[in-house]
Amino acid sequence: MPELPEVETIARGIEPLVLNKTIVQVTIRYAGILHTDLEQFEKQVSGRTIVRVWRRAKLLIFDLEPDLHLVFHLKMTGKVWLPQDGQSIDKHTHLIFSLNDGSRIFFEDMRKFGYCALFDKSGLLAWRFYSQLGPEPLHLSENEFIKIFSGRKSRIKALLLDQRVIAGIGNIYADESLFMAGIHPETPGCAVGKEDLKKLYHGLVQVLNQAIEAGGSSFRDYRNALGYSGMFQEKFLIYGKKGQCCPHCQTMVETRKVAGRTSCICPSCQKLSTDTVSQNE
DNA sequence: CGTGCGGCCTGAATGC
DNA sequence: TGCATTCAGGCCGCAC
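Going letter by letter, the first sequence gives residues 21 to 301 in our numbering.
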């Protein structure tokens, strides 16, 4: 499940491998993965040179000369990587971008949830999903972060997962940061105290940066630019720990559905405040 | 406005 | 052994 740190790691890993190289051919093995008309896609991508690889929220974006953005959303199981000798196409390899030095970029996705689309500058800015994205958590000050949650009645976890509220956070880092701050995921945003929001901010920034430093991270299906999985999953404190002991207090970790996702919670460290009086106005 | 749910999709794990 | 069920979850569209 590539979230912000994994996509960031992929972008950083891929950029030096493809910078200033030209896409000489694109092979579309499963057109359903495209969110752009197939013929337009083929015609516009071929012959373009890659001038930047970057990330916005969980989107992986290749800038192509002169004015194109090749955008990937990896969802849960998508991978964008450069195969090395001996690694080849399998049944989940949906797109192959052949570069002028003979190397290739693969886009694969076992579950076909991910997608690839092509925009020019104005098209990207007009794309509703992109234009509505909230701020990047690593570009926010503590005060800006706190402001996001004031007056919001939705549960704090739903807000963290809402890409329009704050961008790039998925189920894993939502659970990790809430645990680090001792906040129950079902607490209304406006009922989380200012001090707890400060803890959440610093926990989130810390866990995102640590995961990036660990060379990307995540769980099951993540692979970096060369197809290797990261190491950060070994450091999860609460995610995936159902039935195990809380690392802080040894209470049994529980799960429940919050905002439609499985949430791992220490019922002792993360108390649900029923006091809905806002403390952060 | 806010919330919840089904749908998309496939493979791993579990149940009988 | 083999078949059926459940689960994983980002995002969208829709109902209430």
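Where is the CB? At the ideal position from N, CA and C, for every residue including glycine. Just so it is clear, the structure is predicted and the values come from calculations on it, not from any experiment.
| Touch check for the segment 138-153 and the segment 60-77: three-plus C-beta pairs under 8 Å? | With the cut-off at 8 Å, the segment 138-153 and the segment 60-77 touch.
| Pick from Ser108, Asp121 and Ile125 that is closest to Leu115, judged by C-alpha positions | Taking the first residue of the first sequence as position 1, residue 115 is located at position 95. Nearest neighbour of Leu115 by Cα position, chosen from Ser108, Asp121 and Ile125, turns out to be Ile125.
| Glu206 vs Leu292 beta-carbon contact at 9 Å | Stepping through the first sequence from its first residue, residue 206 is reached at position 186. Stepping through the first sequence from its first residue, residue 292 is reached at position 272. The criterion of a C-beta distance shorter than 9 Å is satisfied by Glu206 and Leu292.
| request: Within 10 angstroms of the Cβ of Leu181, are there 16 or more other Cβ atoms? Answer buried if so, exposed if not. | output: Counted from its first residue, the first sequence places residue 181 at position 161. Flag for Leu181 reads buried.
| Close-in-space but distant-in-sequence residues of the same chain around Thr271 (CB under 8 Å, 5 per side omitted) | On the first sequence, residue 271 is found 251 positions in, with the first residue counted as 1. Exclusion of the five residues before and after Thr271 leaves Cys265, Cys286, Pro287, Ser288 and Cys289 as the residues of its chain whose Cβ lies within less than 8 Å of its Cβ.
| request: Check whether the Cβ atoms of Leu80 and Ala31 sit closer than 9 Å, and answer yes or no. | output: Position 60 of the first sequence, counted from the first residue, corresponds to residue 80. Position 11 of the first sequence, counted from the first residue, corresponds to residue 31. Less than 9 Å divides the Cβ of Leu80 from the Cβ of Ala31.
| field | Buried/exposed call for Phe169, threshold 16 Cβ in 10 Å | value | Indexing the first sequence from 1 puts residue 169 at position 149. So Phe169 counts as buried.
| request: Can you tell me which of the three DSSP states Ser298 falls into? | output: On the first sequence, position 278 is the one that residue 298 refers to. Interpretation of Ser298 is limited by its pLDDT of 43, a score under 50 that renders its predicted location unreliable; the figure taken from the coordinates is listed afterwards. Coil.
| query | Out of curiosity, what's the CA-to-CA distance linking Pro36 and Thr275? | reply | The sequence position of residue 36 within the first sequence is 16, counting from 1. The sequence position of residue 275 within the first sequence is 255, counting from 1. Rounded to the nearest angstrom, the gap between the Cα atoms of Pro36 and Thr275 is 41 Å.
| task | Would you mind working out which of Gln152, Ser66 and Ile189 sits nearest Leu158, comparing C-alpha positions? | result | Taking the first residue of the first sequence as 1, we reach residue 158 at position 138. When each option's Cα is compared against that of Leu158, the closest is Ile189.
| Ranges of the beta strand (DSSP E) found wholly within the segment 76-142, counting only runs of at least 3 | As far as the segment 76-142 is concerned, its whole beta strand (DSSP E) runs of at least 3 residues are 79-84, 88-93, 98-101, 113-119, 124-129 and 135-140.
| field | Whole-angstrom C-beta distance between Gln183 and Leu145, which should lie under 8 Å | value | Taking the first sequence and counting its residues from 1, the one referred to as residue 145 is at position 125. Taking the first sequence and counting its residues from 1, the one referred to as residue 183 is at position 163. Not quite, the Cβ-Cβ distance comes to about 16 Å (not below 8 Å), so this is no contact.
| Beta carbon of Leu94, beta carbon of Gly134: below 9 Å? | Within the first sequence, residue 94 is the residue found at index 74, counting from 1. Within the first sequence, residue 134 is the residue found at index 114, counting from 1. Annotated as proximal: Leu94 and Gly134, with beta-carbon spacing under 9 Å.
| Taking Ile192 as the reference, which of Ile258, Met130 and Ala201 has the closest Cα? | Stepping through the first sequence from its first residue, residue 192 is reached at position 172. Nearest C-alpha to Ile192 among Ile258, Met130 and Ala201: Ile258.
| Excluding the five sequence neighbours on either side, which residues of its own chain have a C-beta within less than 8 Å of the C-beta of Ile48, listed in chain order? | Residue 48 sits at position 28 when you count from the first residue of the first sequence. Contacts found: Leu54, Leu58, Phe61, Glu62, His114 and Leu115.
| task | Can you give me the Cβ contacts of Thr98 inside the same chain, cut-off strictly under 6 Å, excluding the 5 residues immediately before and after it? | result | For the purposes of this step, residue 98 is identified with residue 78 of the first sequence, where counting begins at 1. The residue you asked about is not Thr; residue 98 is Gly in the sequence shown. Closer than 6 Å at the Cβ level, and outside the excluded window around Gly98, lie Asp129 and Gly134.
| message | Using the Cβ count rule (16 or more neighbours within 10 Å means buried), how would you classify Gly223? | response | Counting from one through the first sequence, the residue named residue 223 turns up at place 203. Buried.
| request: Grab me the residues of Asp195's own chain with a C-beta within less than 7 Å of its C-beta, minus the 5 sequence neighbours each way, in chain order. | output: Locating residue 195 in the first sequence gives position 175, counting from the first residue. Correct list, in chain order: Ile258, Tyr259, Ser283 and Cys284.
| query | Around the Cβ of Phe149, are there at least 16 other Cβ atoms within 10 angstroms (buried) or fewer (exposed)? | reply | The residue you call residue 149 lines up with position 129 of the first sequence. With fewer than 16 other Cβ atoms from the protein chains shown falling within 10 Å of its own Cβ, Phe149 counts as exposed.
| Where DSSP assigns a beta bridge to Met272, which residues make up the other side? | Reading the first sequence from its first residue, position 252 is the one you call residue 272. The partner list for Met272 (beta bridge, DSSP) reads Cys265.
| message | On a Cα-Cα basis, can you pick out the residue from Val65, Phe256, Glu85 and Val212 that is closest to Phe165? | response | Mapped onto the first sequence, residue 165 falls at position 145. Phe165 has its Cα closest to that of Val212, out of Val65, Phe256, Glu85 and Val212.
| Closest by C-alpha distance to Cys269, when choosing among Gly202, Gly280 and Val225 | As a working note, residue 269 is residue 249 in the first sequence. Closest option to Cys269, judged by alpha-carbon separation, among Gly202, Gly280 and Val225: Gly202.
| query | Can you tell me where the alpha helix (DSSP H) with Arg32 in it begins and where it stops? | reply | Taking the first sequence and counting its residues from 1, one reaches residue 32 at position 12. Where Arg32 is concerned, the enclosing alpha helix (DSSP H) stretches over Leu24 to Val38.
| task | Run the proximity test for Pro86: is its beta-carbon closer than 8 Å to any non-hydrogen atom belonging to the ligand HEM? | result | Absence of the ligand HEM from the depicted structure is noted, as is the absence of any ligand whatsoever, leaving it without description.
| task | Give the DSSP-derived three-state secondary structure of Ile168 in the structure shown. | result | Along the first sequence, one-based indexing puts residue 168 at 148. Here Ile168 sits in helix by DSSP.
| query | Which class does Leu58 belong to by DSSP, given the choice of helix, strand or coil? | reply | The residue labelled residue 58 in the question sits at position 38 within the first sequence. Helix at Leu58.
| message | Considering only DSSP beta bridges, list what Ser283 is partnered with. | response | Residue numbering aside, residue 283 sits at position 263 when the first sequence is read from its first letter. As DSSP reads the structure, Ser283 sits in a beta bridge with Arg276.
| query | Is DSSP giving Val225 helix, strand or coil here? | reply | Counting from 1 along the first sequence, the entry for residue 225 is found at position 205. If DSSP states are grouped into helix, strand and coil, Val225 belongs with the helices.
| request: For my contact list, Glu156 and Ala178 are in at a C-beta cut-off of 8 Å; report their separation, rounded to the angstrom. | output: For the purposes of this step, residue 156 is taken as residue 136 along the first sequence, with counting starting at 1. For the purposes of this step, residue 178 is taken as residue 158 along the first sequence, with counting starting at 1. Contact between Glu156 and Ala178 does not hold, since the beta-carbon distance rounds to 19 Å and is not under 8 Å.
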